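Reviewing the structure listed below.
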Amino acid sequence: NAKNHNLDYKLLDIGCNDGIFTKILSDKIGYTPYGVDFLEDLIVNARNNGVLAKKANIDSGIPFDNSFFDLIVSNQVIEHVMETDNFFKEIYRLLKPNGYAIISCPNITSFHNLGLMIFGMQPVSFHSSHIQVGNPLFGTKIGELSSGLRHVKIFTAPALKDLATHHGFEVLDIYGYGHYYIPKFISSFLSKLTPRY
């Protein structure tokens, strides 16, 4: 509710892209929106969309002070990061005590990936080229919505949880969202029953 905005609270979106999602989220919860991304045109767009955005290579560090943010979100970014330990160290450094982080990424053990691997095919979440190879999506370009970036790391739900715990986080919950290639209402129901997949 916009009337309940408390601009003393700060949100960082790691991989903010054009800032539209960042701004929607920050407006919904009443936090000041900050973001980082690695392309200058994305930073310009994010700033034009009301986000206090900075250019950053996440592998090298995030240019904000210690204990600066109340909430950090990162949606579908960690799989593109080479230094995932540094990724979590930076989030830990940037969060205020009792702050929250919400991290999402593709799951190598999702039902569609497991199904492909059972038949000896390449999981769609693990990229070996700039196009999909070794599965029925052969030839589809990788990352048309993410500047063509390939996935360089891939996680299971327990692996992501373990990595967070290793770096000092208390993991409060794990959610699965979406199963590809099936109707959304069935997908949402299955996601609640099987968060690891």
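In our numbering, the protein residues as written are 107 to 303. Glycine included, C-beta positions come from ideal geometry on N, C-alpha and C. Treat the numbers as computed from the prediction; the structure is a model and nothing was measured.
Asked                                                                                                                                                              : Found
Please return the same chain residues whose Cβ sits closer than 7 angstroms to the Cβ of P169, not counting the five positions on each side in sequence.           : K160, A162
Look at the alpha carbon of H236 and the alpha carbon of L266, and state the distance between them as a whole number of angstroms.                                 : 25 angstroms
So is V258 buried or exposed if we call it buried at 16+ other beta carbons inside 10 Å?                                                                           : exposed
So, I260 versus E185, is the Cβ gap smaller than 8 angstroms?                                                                                                      : yes
If we count the other Cβ atoms within 10 Å of its Cβ and call it buried at 16 or more, is S132 buried or exposed?                                                  : buried
Taking 8 angstroms as the cut-off, decide whether the C-beta atoms of R199 and N219 are in contact.                                                                : no
Where does N154 land, buried or exposed, given buried means 16+ other C-beta within 10 angstroms?                                                                  : exposed
Decide if G226 is buried, meaning its Cβ has at least 16 other Cβ atoms within 10 Å, or exposed.                                                                   : exposed
How about L148 and I178: do their beta carbons lie closer than 8 angstroms?                                                                                        : no
Taking the straight line between their C-alpha atoms, what separation do you get for D124 and S166?                                                                : 21 angstroms
Suppose the cutoff is 8 angstroms on Cβ atoms and the five residues either side in sequence are ignored; what does the same chain contact list for Q182 look like? : G121, S210, C211, P212, S252
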